Structure formats: structure tokens, C-alpha cells
Amino acid sequence: MRVTSLDGALLDFWVAKSENLKLLAETPEDGLRHVHGSGYWHPGTYHPSSDWSQGGAIIANDWYAIEDALIEWFGINWPFIKAITDTPLKWLMRAYVKTKFGDEVEEVERLLPGQ
Numbered sequence: 017m018r019v020t021s022l023d024g025a026l027l028d029f030w031v032a033k034s035e036n037l038k039l040l041a042e043t044p045e046d047g048l049r050h051v052h053g054s055g056y057w058h059p060g061t062y063h064p065s066s067d068w069s070q071g072g073a074i075i076a077n078d079w080y081a082i083e084d085a086l087i088e089w090f091g092i093n094w095p096f097i098k099a100i101t102d103t104p105l106k107w108l109m110r111a112y113v114k115t116k117f118g119d120e121v122e123e124v125e126r127l128l129p130g131q
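Everything in the sequence shown is counted per our numbering, starting at 17 for the first residue and increasing by one.
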């Protein structure tokens, strides 16, 4: 699957893999948020492609590699492309996944065991 096509829960899954996070064995209680730096993630609380408080830390740590990926895809004028300006965090997370896995990732049938 092309990284540029990743979206929603599937994109968040690949960001978690890129961050080497382990899936929490249990579903977090209602209202609990993802704990940055915990080493774990859960699809109910981890949304780096839509939550700047989660994706922002990733961007801060890997900005130069992320920017290089965007330049490879779109050229130096990437900041002015409407698709990116409309949903910047989504594109920044796609670029982050590219820095770890390249332009293609394997198809994933289930995001969680037992789904």
C-alpha cells in the first residue's frame, strides 16, 4: 500500500509502528489519553495524524527527515500544495512513516488481534 494513501486508524497504526510502540493489551478506560513516552499505544487513544499534541512531538524530533520526504514527493514548494495545507498533520505523519518504511507498506487486514 502506498504511504501517501494511508489515512485515519491505518495511518495511526503505521505511525505507532514507526515509533516502535507496543500495543496495549487492554483497552484504556474512557477519558484516558495516550501517554507520550510510555512505549505503548492503543487505537482508542493514539491519534497522531489528527491530534497535534501527539503528532507534534514526532514532528519536532524528526523534522528534517520529514521535510526531506515531503520534498521527494512534492518538490521544494510542498508547503504551498493545497492537499497539504488542508490537512498538514496527516501529510506530516505520512512523510514520517515514509522515513521509516519507504513509499510502500504492507497491507494490514486487522489493526488489532481478534478484529
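Every residue gets a Cβ at the ideal spot worked out from N, C-alpha and C, and that includes glycine. From a predicted model like this one, the values you see are computed outputs, not experimental measurements.
Nearest to Glu42 by C-alpha distance, out of Lys33, Gly60, Ser34, Ile74, is Gly60. Under the three-state reduction of DSSP, Glu120 is assigned to strand. If you look at Leu86, you'll find it in the alpha helix (DSSP H) that goes 68-90. In the three-state reduction of the DSSP assignment, Arg110 falls in the helix class.
Taking one beta carbon from each stretch, the region 106-118 and the region 27-41 have 3 or more pairs nearer than 8 Å; the two touch.
For Leu40, the three-state secondary structure derived from DSSP is coil. Looking at the backbone, the Cα of Ala73 and that of Trp79 are separated by about 10 Å.
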